[in-house]
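Sequence order for the protein chains is H and U.
Numbering-wise, the first sequence is residues 6 to 254 according to my numbering.
Numbering-wise, the second sequence is residues 10 to 73 according to my numbering.
Reading through the C-alpha cells given below for one structure.
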Amino acid sequence: MSEFDVEFIDRSEDDRDARFVVRGVTPAFANGIRRAMVADVPTLSIDTLRVIENSSVMFDEMIGLRLGLVPLTTPPGEFEAGETVTLALDVEGPATAYSGDLVSADDLVKPADENVPIIDLKENQRLELEAEAVLDRGKTHAKHQGGVAVGYRHLQTVEVVGDLGEFEDDEPQIIRGVIEDDGELVPTEEFGNDLRNRYPGKEVRVEDVPGAFVFDVETDGSMSVDDLVLEAVDSLYARADELEEAVQL
Amino acid sequence: MMIPVRCFTCGKVVGEHWEEFKQRTKEDDENPAEVLDELGVERPCCRRMLVSHKDLVDIVAPYQ
Numbered sequence: 006m007s008e009f010d011v012e013f014i015d016r017s018e019d020d021r022d023a024r025f026v027v028r029g030v031t032p033a034f035a036n037g038i039r040r041a042m043v044a045d046v047p048t049l050s051i052d053t054l055r056v057i058e059n060s061s062v063m064f065d066e067m068i069g070l071r072l073g074l075v076p077l078t079t080p081p082g083e084f085e086a087g088e089t090v091t092l093a094l095d096v097e098g099p100a101t102a103y104s105g106d107l108v109s110a111d112d113l114v115k116p117a118d119e120n121v122p123i124i125d126l127k128e129n130q131r132l133e134l135e136a137e138a139v140l141d142r143g144k145t146h147a148k149h150q151g152g153v154a155v156g157y158r159h160l161q162t163v164e165v166v167g168d169l170g171e172f173e174d175d176e177p178q179i180i181r182g183v184i185e186d187d188g189e190l191v192p193t194e195e196f197g198n199d200l201r202n203r204y205p206g207k208e209v210r211v212e213d214v215p216g217a218f219v220f221d222v223e224t225d226g227s228m229s230v231d232d233l234v235l236e237a238v239d240s241l242y243a244r245a246d247e248l249e250e251a252v253q254l
Numbered sequence: 010m011m012i013p014v015r016c017f018t019c020g021k022v023v024g025e026h027w028e029e030f031k032q033r034t035k036e037d038d039e040n041p042a043e044v045l046d047e048l049g050v051e052r053p054c055c056r057r058m059l060v061s062h063k064d065l066v067d068i069v070a071p072y073q
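Right under this line is the structure:
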C-alpha cells in the first residue's frame with residue numbers, strides 16, 4: 006500500500022465537513038476515491054417497516070420513504086453488508102414525530118439528526134411502527150450514500166509573469182478552490198475568488214499542480230469525514246485485491 | 010406536505026433546519042439568506058428546498 010500525503014485545509018467542528026489536499030495520486034485514483042465515497046461505503050438506513058398503527062395524513066409508504074432518508078450513525082467495521090438493526094417509533098398526536106423519537110435496539114445506531122420532522126400528528130392520530138435498518142451501499146439506493154456532494158479539483162499554483170500594462174483592460178481573474186503560493190495553501194475565498202485582489206497590477210499564470218487534488222467532502226452524519234474517506238480507500242483496495250485474485254492463473 | 014428530509018439534488022439533510030428556518034424568517038422577520046448561511050445550508054440546491062417549501066399538513070388534515 007503506498008502512502009499519500011494528506012493535508013487538511015479546513016474542517017467543521019462536528020466532523021461532517023472537510024477540505025483537504027492529497028498529493029501523489031493520479032486523477033483516476035482521485036476519482037475512484039470520490040466514487041467510492043458516494044456509492045461504495047455502506048451505511049445503515051431504514052428499509053422495511055412493520056406498521057402497527059398509522060392514522061396520520063400520510064400513507065405508510067410515504068412515511069417509510071421519509072424514515073429511510075434519515076441518516077443513521079454507522080460505526081465502520083461493526084456491521085456486515087445486509088445486517089439489520091431494529092428501530093421503533095411510537096408517537097401519539099397532537100405532536101410531531103421527529104427522527105429523534107426513533108428508539109434503536111442497538112446503542113451504536115441512532116439517528117444522526119434528531120430534528121427531522123417525519124409527520125405532524127393531530128388530535129387522535131397515532132403513528133406506531135417497527136423499522137428494520139439494513140446496511141447497504143449507495144449503489145443500491147441513494148439513502149445509503151454516506152457522502153453528500155463529494156468533489157475534488159486540482160490544486161493550482163499562481164505564477165507572476167510580469168506587470169500589467171498601464172492602460173490594459175482590468176479583467177476579472179476568477180478562480181475557485183485552493184491555490185498554492187510558496188508552499189502555503191490559500192483558499193480562494195480569502196481574496197474574493199479574484200486574483201486581481203491578491204496580485205494587483207500583475208500578469209499571472211495559473212497552472213495545475215500535478216498529482217495534487219483538493220477534496221471537498223461532506224457526510225450526511227452517518228460517519229465522520231475521516232471514517233468515510235478511509236472506508237472509501239479501503240473499499241478501493243479491497244476491490245483491487247479481488248480483481249488480482251480473480252485474474253490469477 | 011411535510012418538508013422533504015433531504016435535498017433532492019445533493020442529498021444533504023435539510024429537514025432538520027426547517028423549524029428553525031420557519032421560526033426565524035416568518036416570526037422573527039430575519040433575512041432568509043442570512044438565516045440559511047447561519048444554518049450551514051450553502052448550496053443553491055439545498056436553499057431552494059427550504060425557501061420554496063409550504064407546509065400543507067394542516068390543510069390536508071381534515072380530509073382524512
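Where a beta carbon is used, it is the ideal one built from N, C-alpha and C, also for glycine.
Since we're looking at a predicted model, the values are computed, not measured.
Could you give the C-beta distance for H:G87 and H:V139, rounded to a whole number, given that I count them as a contact under 8 angstroms?
-> Numbered from its first residue, the first sequence carries residue 87 of chain H at position 82. Numbered from its first residue, the first sequence carries residue 139 of chain H at position 134. That belief holds up - the Cβ atoms of H:G87 and H:V139 are roughly 7 angstroms apart, short of 8 angstroms.
Along chain U, which residues have their Cβ under 8 angstroms away from the Cβ of H:A154?
-> Within the first sequence, residue 154 of chain H is the residue found at index 149, counting from 1. Chain U residues near H:A154: C19, G20, K21 and R52.
Note down, in chain order, every chain U residue with its Cβ under 9 angstroms from the Cβ of H:R71.
-> Taking the first residue of the first sequence as position 1, residue 71 of chain H is located at position 66. Near H:R71 (Cβ distances below 9 angstroms), the residues of chain U are M11, P13, V14 and G24.
Considering U:E28, what are the terminal residues of the beta strand (DSSP E) in which it resides?
-> For the purposes of this step, residue 28 of chain U is taken as residue 19 along the second sequence, with counting starting at 1. Element bounds for U:E28: not the beta strand (DSSP E) but the alpha helix (DSSP H), W27 to K31.
Taking a cut of 7 angstroms between CB atoms, which residues from the region 125-141 of chain H lie near chain U?
-> The residues in question are D125 and K127.
Burial state of H:R55 (16 or more Cβ within 10 Å) | Translated into the one-based positions of the first sequence, residue 55 of chain H becomes position 50. With fewer than 16 Cβ atoms within 10 Å of its Cβ, H:R55 is classed as exposed.
Secondary structure of H:G37, DSSP reduced to three states = Along the first sequence, read from residue 1 onward, the residue named residue 37 of chain H stands at position 32. In the structure shown, H:G37 falls within a helical segment according to DSSP collapsed to helix, strand and coil.
By Cβ distance below 8 angstroms, which residues in the same chain neighbour H:R24 in space, the five residues on each side in sequence not counted?
-> Residue numbering aside, residue 24 of chain H sits at position 19 when the first sequence is read from its first letter. If you ignore the 5 residues before and after H:R24, its C-beta comes within less than 8 angstroms of the C-beta of F13, I14, D15, R16, V183, P192, V219, F220, D221 and V222, all in its own chain and listed in chain order.
Cα-Cα separation between H:V26 and H:R201, rounded to whole angstroms | Against the first sequence, residue 26 of chain H aligns to sequence position 21. Against the first sequence, residue 201 of chain H aligns to sequence position 196. H:R201 has its alpha-carbon roughly 24 angstroms from the corresponding atom of H:V26.
How would you list, in chain order, the residues of chain U whose beta-carbon sits under 8 angstroms from the beta-carbon of H:G226?
-> The residue labelled residue 226 of chain H in the question sits at position 221 within the first sequence. Chain order gives the chain U residues near H:G226 as V22, where near means a beta carbon separation below 8 angstroms.
Looking at C-alpha atoms only, which residue of H:E195, H:A33, H:A154 and H:E137 is the closest neighbour of H:G143?
-> Working through the first sequence from its first residue, we reach residue 143 of chain H at position 138. Relative to H:G143, the option among H:E195, H:A33, H:A154 and H:E137 whose CA is nearest is H:A154.
Taking H:E83 as the reference, give the member of H:L77, H:L94, H:V30 and H:L113 with the closest Cα.
-> For this step, residue 83 of chain H is matched to residue 78 along the first sequence. Per the Cα distances, H:L113.
Give a yes or no on whether 9 angstroms exceeds the smallest Cβ distance from H:M63 to chain U.
-> Residue mapping note: residue 63 of chain H aligns to position 58 of the first sequence, counting from 1. Yes, contact with chain U.
Whole alpha helix (DSSP H) elements within the region 161-221 of chain H, 4-residue minimum | Fully enclosed alpha helix (DSSP H) runs of 4 or longer: 200-203.
Please go through the region 23-96 of chain H and give each complete alpha helix (DSSP H) segment of 4 or more residues, from N-terminal end onward.
-> Listed in chain order, the complete alpha helix (DSSP H) runs (minimum 4 residues) inside the region 23-96 of chain H are 32-40 and 65-74.
Is H:L113 helix, strand or coil by DSSP?
-> Position 108 of the first sequence, counted from the first residue, corresponds to residue 113 of chain H. In this structure, H:L113 counts as coil in the three-state DSSP scheme.
Cβ pair H:E135, H:E58 closer than 9 angstroms = Locating residue 135 of chain H in the first sequence gives position 130, counting from the first residue. Locating residue 58 of chain H in the first sequence gives position 53, counting from the first residue. No; because the gap between Cβ atoms is not below 9 angstroms, this pair is not in contact.
In chain H, which residues lie with their C-beta within 9 angstroms of the C-beta of U:E28?
-> Counted from its first residue, the second sequence places residue 28 of chain U at position 19. Near U:E28 (Cβ distances below 9 angstroms), the residues of chain H are T101, N120 and P122.
Is H:Q178 close to chain U, meaning its C-beta is less than 9 angstroms from at least one C-beta of that chain?
-> Residue 178 of chain H sits at position 173 when you count from the first residue of the first sequence. Not closer than 9 angstroms to any Cβ of chain U, the Cβ of H:Q178 fails to qualify, so no.
According to DSSP, which residues form a beta bridge with H:L126?
-> Along the first sequence, one-based indexing puts residue 126 of chain H at 121. Its beta-bridge partners are H:A100.
What residues in its chain sit with their C-beta under 6 angstroms from that of H:T48, if we drop five residues either side in the sequence?
-> Position 43 of the first sequence, counting from 1, holds the residue named residue 48 of chain H. Answer for H:T48: T79, H149, G151 and S227, listed in chain order.
Residues near H:E119 by beta carbon distance below 7 angstroms, same chain, minus five either side = The sequence position of residue 119 of chain H within the first sequence is 114, counting from 1. Within the same chain, H:E119 has close Cβ partners Y103, S104 and G105.
Verify the CB distance criterion: does U:D37 have a CB-CB separation below 9 angstroms to chain H?
-> Locating residue 37 of chain U in the second sequence gives position 28, counting from the first residue. By this cut-off, U:D37 is not an interface position.
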